[in-house]
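Quick mapping for you: the protein sequence lines, in order, are chains A and B.
Numbering of the first sequence is given in the numbering used here, commencing with residue 2 and proceeding in unit increments.
Numbering of the second sequence is given in the numbering used here, commencing with residue 23 and proceeding in unit increments.
This report refers to the structure that appears directly beneath it.
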Amino acid sequence: MDFVRDNLPYILAGISVGGQYALIAIGYTMVYGILRLINFAHGDMFMIAGLMGVYAVTWMPLYLAIPFVIIFTVILGFAIERVAYKPLRSAPRMSVMISAIGVSYLLQNLALYITGGLTKTYPSIPWISNTVKVFGATTKVVTLITPVLTIALVVALVLLINHTKMGMAMRAVSRDFETARLMGIKIDSVISLTFIIGSFLAAVGSILYFSNYTGVMPTAGAMPGLKAFVAAVFGGIGSIPGAVIGAFIIGICENIIKGVGWTTFSDAFTFALLIVILIVKPTGLFGEKNIDKV
Amino acid sequence: MLKIENLNVHYGGIHALRGVNMHIEKGKIISLIGANGAGKSTTLKSIMGLVNKSGGSVIYKGEDITKSNTIDIVKKGIALTPEGRKVFPDQTVKENLLLGAYLRKDKKGIKEDLEWIYTLFPRLLEREWQIAATLSGGEQQMLAVGRSLMSRPELLMMDEPSLGLAPIIVKDIFSIIKEINRAGVSVLLIEQNAKAALEISDYAYVLETGVVTLEGAGKDLISNDAVRKAYLGA
Chain A
2 MDFVRDNLPY
12 ILAGISVGGQ
22 YALIAIGYTM
32 VYGILRLINF
42 AHGDMFMIAG
52 LMGVYAVTWM
62 PLYLAIPFVI
72 IFTVILGFAI
82 ERVAYKPLRS
92 APRMSVMISA
102 IGVSYLLQNL
112 ALYITGGLTK
122 TYPSIPWISN
132 TVKVFGATTK
142 VVTLITPVLT
152 IALVVALVLL
162 INHTKMGMAM
172 RAVSRDFETA
182 RLMGIKIDSV
192 ISLTFIIGSF
202 LAAVGSILYF
212 SNYTGVMPTA
222 GAMPGLKAFV
232 AAVFGGIGSI
242 PGAVIGAFII
252 GICENIIKGV
262 GWTTFSDAFT
272 FALLIVILIV
282 KPTGLFGEKN
292 IDKV
Chain B
23 MLKIENLNVH
33 YGGIHALRGV
43 NMHIEKGKII
53 SLIGANGAGK
63 STTLKSIMGL
73 VNKSGGSVIY
83 KGEDITKSNT
93 IDIVKKGIAL
103 TPEGRKVFPD
113 QTVKENLLLG
123 AYLRKDKKGI
133 KEDLEWIYTL
143 FPRLLEREWQ
153 IAATLSGGEQ
163 QMLAVGRSLM
173 SRPELLMMDE
183 PSLGLAPIIV
193 KDIFSIIKEI
203 NRAGVSVLLI
213 EQNAKAALEI
223 SDYAYVLETG
233 VVTLEGAGKD
243 LISNDAVRKA
253 YLGA
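This is the structure:
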């Protein structure tokens, strides 16, 4: 019991940051599921969403700024796919990957140019930035909201994918472009939708994340982006529940390690985990198994 | 119904189809036979707009569909059951069938067609909620044919429906093809199993390295010496 009480703030923080990683990780895993592409620009899009949050509140009231940030990020994600990935649809996968790395650096440098390299302070959002006491531990409201909101969004997403016509089409496209086309499915629309969902979740994640860690700088997307990527690989890339579970595990472990006093090793843990997974179970916890009959 | 004139397809440097001419009459079963690599699948894929044509024209019901995209071609009433079945392995039998009706909005018609397919293939009804990957090869083929029929095509093109199936199931497949044809669907059939295909065909084409070298009524081709030697193993 003592262990739990002493570590409660860390566990809460871990669940919270895990939820934020999960929202980013879904974007990686869905794009991989459909295009077999690691979208390296995803973490930087998350950073741009954070930066846009900083600027948006100076242009408009908060209740408009939040939807503005989300819509902006969604349009950005859609545009990146159309400009940088769609023209390479029939190119080798490596070319698309390189294009994604290019977009990643483009976004980082764009942010560097706009901010002048200075760390911008994320606006504090009333209520969710307030502090509350939970079982004697002090934490921000956002810490409690994040896991709830994450799980609600994931449930909605899974329902969309498993129980709607659009979701059926997405699952078909993720398996076989040509046969999906024979069904009359517009491949490009499905791919765009995937990027729209991924960007939407990353934007929501950015609002939650930067409400907690308030500094936004051009490289702010790199670490959460990488950890979300590790979470997606850990869970089995292509699997949405896998990415979410992986993200929560990484978030919680990281913070417990901090709680034990090994703060300097918390990032190393995540990447050590990546190496171990790749050696022991490269397909991750819920990785795709290919049962094809010939 | 479908007129293919001087169809040419290039894959990189390879001239896969060199001026194919074919004519598919409404209500008939037409088969296209030929050795591996002759260009049979390419012919069907280029009709569907999945492969770029480098020349020639495809006219469907008096309308030029040479440059149409796959979605429009499906809408106009042509469906292709691809080689190797290509069912969506992690979706249920019912989902696979509904994907075949993806472009249709008439809920009532979709329901009727679903019932028709279940009477045509009772096995699929038994396995309605099963994941397609768990079906046997023959059941997957039935599912692939059923899925194509769900778009309510007027012309159904089938690429090697008997490939890799046990002889007894092959017999079933061919009798189903006849039944589909009796329901008013024109059929363009590609087959390795030339004898079975020619027996049920009204007309047939023989394709060799991208050119039609022989054509005629199914019965006539069965007794043709060149065909017997090359494709019937006699």
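Cβ atoms here follow ideal geometry from the backbone N, Cα and C, with glycine treated the same way.
Since the structure is predicted, the reported quantities are computational estimates derived from the model, not experimental observations.
List the residues that DSSP assigns as beta-bridge partners of residue i.
i                 : result
GLY15 of chain A  : Paired residue(s): none; GLY15 of chain A is not in a bridge.
MET180 of chain B : B:THR103 and B:LEU211
LYS121 of chain A : A:VAL217
VAL80 of chain B  : B:ILE26
ARG40 of chain B  : B:ASN30
ILE22 of chain B  : In the structure as shown, chain B starts at 23 and stops at 256, and residue 22 of chain B therefore has no counterpart that could be examined.
GLU237 of chain B : B:TYR227
ILE46 of chain B  : B:LEU24
Taking the alpha helix (DSSP H) that residue i belongs to, which residues open and close that run?
i                 : result
GLY34 of chain B  : Counting along the chain, GLY34 of chain B falls outside any alpha helix (DSSP H), and DSSP gives it neither H nor E.
LYS89 of chain B  : Taken as a continuous stretch (DSSP letters only), LYS89 of chain B belongs to no alpha helix (DSSP H), as it is neither H nor E.
GLY263 of chain B : This structure leaves residue 263 of chain B out entirely; chain B is present only between 23 and 256.
ILE69 of chain B  : 62-69
THR284 of chain A : Taken as a continuous stretch (DSSP letters only), THR284 of chain A belongs to no alpha helix (DSSP H), as it is neither H nor E.
GLY44 of chain A  : 43-60
PRO189 of chain B : 189-204
SER175 of chain A : 166-176
ARG169 of chain B : 159-171
ILE39 of chain A  : Element bounds for ILE39 of chain A: n/a, residue is neither H nor E.
TYR218 of chain B : For the sequence presented, residue 218 of chain B should be read as Ala rather than Tyr. Segment 216-222, the alpha helix (DSSP H) holding ALA218 of chain B.
If the criterion is Cβ atoms closer than 8 angstroms, does the pair residue i and residue j meet it?
i                 : j                 : result
LYS98 of chain B  : TYR82 of chain B  : yes
ALA50 of chain A  : SER207 of chain A : yes
LEU275 of chain A : GLY237 of chain A : no
ALA154 of chain B : GLN214 of chain B : no
LEU125 of chain B : GLY185 of chain A : yes
ALA203 of chain A : VAL104 of chain A : no
LEU1 of chain A   : THR151 of chain A : Residue 1 of chain A cannot be examined here, being either before or after the span of chain A that is shown, 2 to 295.
LYS75 of chain B  : LEU142 of chain B : no
THR116 of chain A : PRO219 of chain A : yes
ALA112 of chain A : MET48 of chain A  : yes
LEU102 of chain B : SER158 of chain B : no
LEU201 of chain A : TYR123 of chain A : Note on residue identity: the sequence assigns Phe, not Leu, to residue 201 of chain A. In this structure, TYR123 of chain A does not lie closer than 8 angstroms to PHE201 of chain A by Cβ.
GLN163 of chain B : ARG107 of chain B : yes
TYR29 of chain A  : GLY260 of chain A : no
VAL191 of chain A : ALA157 of chain A : no
ILE197 of chain A : VAL174 of chain A : no
ALA26 of chain A  : ALA229 of chain A : yes
SER208 of chain B : MET23 of chain B  : yes
ARG182 of chain A : THR65 of chain B  : no
PRO225 of chain A : TYR22 of chain A  : yes
ALA239 of chain B : ASP224 of chain B : yes
VAL217 of chain A : LEU108 of chain A : no
PHE266 of chain A : ILE16 of chain A  : no
LEU38 of chain A  : ARG94 of chain A  : yes
VAL109 of chain B : ALA166 of chain B : yes
VAL5 of chain A   : ASN256 of chain A : no
THR264 of chain A : VAL231 of chain A : no
MET44 of chain B  : TYR227 of chain B : yes
ALA66 of chain A  : GLY78 of chain A  : no
ASN213 of chain A : LYS141 of chain A : yes
GLU182 of chain B : ILE212 of chain B : yes
Start and end of the beta strand (DSSP E) containing residue i?
i                 : result
TYR225 of chain B : 225-230
THR139 of chain A : 138-141
LEU54 of chain B  : 51-56
VAL133 of chain A : 132-135
Would a check of beta-carbon distances place residue i closer than 8 angstroms to chain D?
i                 : result
GLN113 of chain B : Protein chains in the displayed structure are A and B, and chain D is not among them.
Runs of alpha helix (DSSP H) lying entirely within the region 182-249 of chain A, each at least 4 residues, in chain order: 188-213 and 223-236
Suppose only complete runs of 4+ residues qualify. What are the alpha helix (DSSP H) ranges in the region 68-130 of chain A, listed by chain order? Runs found: 94-116.
Counting Cβ pairs, one atom from each stretch, are 3 or more of them under 8 angstroms apart for the region 120-128 of chain B and the region 190-200 of chain B? Short answer: they don't touch.
Any chance the region 231-245 of chain A sits against the region 33-51 of chain A, with 3 or more Cβ pairs inside 8 angstroms? yes
Does the region 47-58 of chain B come within contact of the region 213-228 of chain B, defined as at least 3 CB pairs closer than 8 angstroms? When C-beta atoms of the region 47-58 of chain B are compared with those of the region 213-228 of chain B, three or more pairs fall below 8 angstroms, so the two segments count as touching.
Pairs of beta-carbons, one from the region 32-47 of chain B and one from the region 222-240 of chain B, closer than 8 angstroms: are there three or more? yes
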